[in-house]
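Here the protein sequences line up with chains A and B, keeping their order.
Under this note's numbering, think of the first position of the first sequence as 1, with each following residue one higher.
Under this note's numbering, think of the first position of the second sequence as 1001, with each following residue one higher.
Ideal placement from N, C-alpha and C gives every residue a C-beta, glycine not left out.
All of these numbers come straight from a predicted model, not from anything done at the bench.
Report on the following structure.
Protein chains: 2
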Amino acid sequence: MMRRMPTDLHSTVAERLRRVGQRYTEQREALVAALERARKPLSTLEIVQARTGPQSSVYRNLAVLEHVGVVRRVVTEGEFARFELTEELTEHHHHLICSNCGKVEDVTIPTDLESTMDRTVDRLAKRSGFAKVRHRLDLIGTCRSCA
Amino acid sequence: MMRRMPTDLHSTVAERLRRVGQRYTEQREALVAALERARKPLSTLEIVQARTGPQSSVYRNLAVLEHVGVVRRVVTEGEFARFELTEELTEHHHHLICSNCGKVEDVTIPTDLESTMDRTVDRLAKRSGFAKVRHRLDLIGTCRSCA
DNA sequence: CTTCCTGCAAAAGTTTTGCATTAAC
DNA sequence: GTTAATGCAAAACTTTTGCAGGAAG
């Protein structure tokens, strides 16, 4: 269980891109930086508004970064796609989602619950013939301002 | 913890619609029946192809049924929205999702893990000022045919 | 006879693509 | 120089809406 220092992030991303013959340009760096700053999943609109380039480039760069395992697509409730840095580059975490306004917060849960989940997930996975199964736990409710 | 008999389903839906002055038409019944038969979340395309009416009516009916708590929007990975019957009308369950081909299966997990999760979720929810928090646990991996 | 539902077609909103240009290696 | 990234505009795709006609209560 390794935690990565923030300084490592950009060189890790650069390395991953280089490995598949792609470049870590300013736009892509801005995109990764925006996701890092946010500490929560961002919508494509929010990413574009973070001055990460024109819409079409943002979509293309998200696709590339998703492909090399740097960002992952997170879907909440309806509306448009959201993206975050993958857990290898941050930490394993979960989402607390307001079903009314769509607000998303990152949360972590106690390690003992995590291990119980992991064990159970492994067992279920074997039974169903699925491989490399990870879990995704989201908490969905009503936030204070929507209550 | 109540399990509802299949026979109840349509009258329950009818009742809920009636309560808000809406009708349980043939199209809506076909839609609910399609979701019941599927035993997994269906995409809007799949629902339309299940002869539940023209696209526009399907979307409208899904909105109505979502509004009265009969169906819920489930989002998996990218692509288009998927819908399923709400857990009040079926049973609490989780999804086993193939990250490669997008296939989704319903699964249930041991009750002791469920209760551990519920307790933890309640605690986290209180701490964050969220109310009425439920959990959503998905298992994401590679299915046998994509391995 | 009033309210709701349907169906078509058109509009709106999100994401992808073509292509010429620019930048990185 | 060769390959990849950018930026614009146009296209594609999912979802929503307007409106006239039909069905349900």
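{"Check": "At least three beta-carbon pairs within less than 8 angstroms, the segment 20–34 of chain A to the segment 109–126 of chain A", "Outcome": "no"}
{"Check": "Where R28 (chain A) falls, given that 16 or more other Cβ within 10 Å makes a residue buried", "Outcome": "buried"}
{"Check": "Cut-off 6 angstroms between Cβ atoms - residues of its own chain near F1140 (chain B), not counting five sequence neighbours on either side", "Outcome": "Note that residue 1140 (chain B) is Ile in the sequence shown here, rather than Phe. Closer than 6 angstroms at the Cβ level, and outside the excluded window around I1140 (chain B), lie I1097 and S1099."}
{"Check": "Same chain, Cβ closer than 6 angstroms to T108 (chain A), five either side skipped, listed in chain order", "Outcome": "H93"}
{"Check": "Sub-8 angstroms separation of S128 (chain A) and E1105 (chain B) beta-carbons", "Outcome": "yes"}
{"Check": "Where E1036 (chain B) falls: helix, strand or coil (DSSP)", "Outcome": "helix"}
{"Check": "Nearest-angstrom beta carbon gap, V68 (chain A) and P41 (chain A) [assumed within contact, 8 angstroms]", "Outcome": "So it is not a contact: roughly 18 angstroms between Cβ atoms."}
{"Check": "Outcome for E1084 (chain B) when other beta-carbon atoms lying within 10 angstroms are tallied against a minimum of 16", "Outcome": "buried"}
{"Check": "Proximity to R1119 (chain B) [Cα-Cα], best of A:R72, A:K126, A:A30 and A:P110", "Outcome": "A:P110"}
{"Check": "Spatial distance of R136 (chain A) from E46 (chain A) (CA atoms)", "Outcome": "23 angstroms"}
{"Check": "G1053 (chain B) classed as buried or exposed, judged by whether at least 16 other C-beta atoms fall within 10 angstroms", "Outcome": "buried"}
{"Check": "Per-residue contacts from R1134 (chain B) into chain A (C-beta, under 8 angstroms)", "Outcome": "L139, I140 and G141"}
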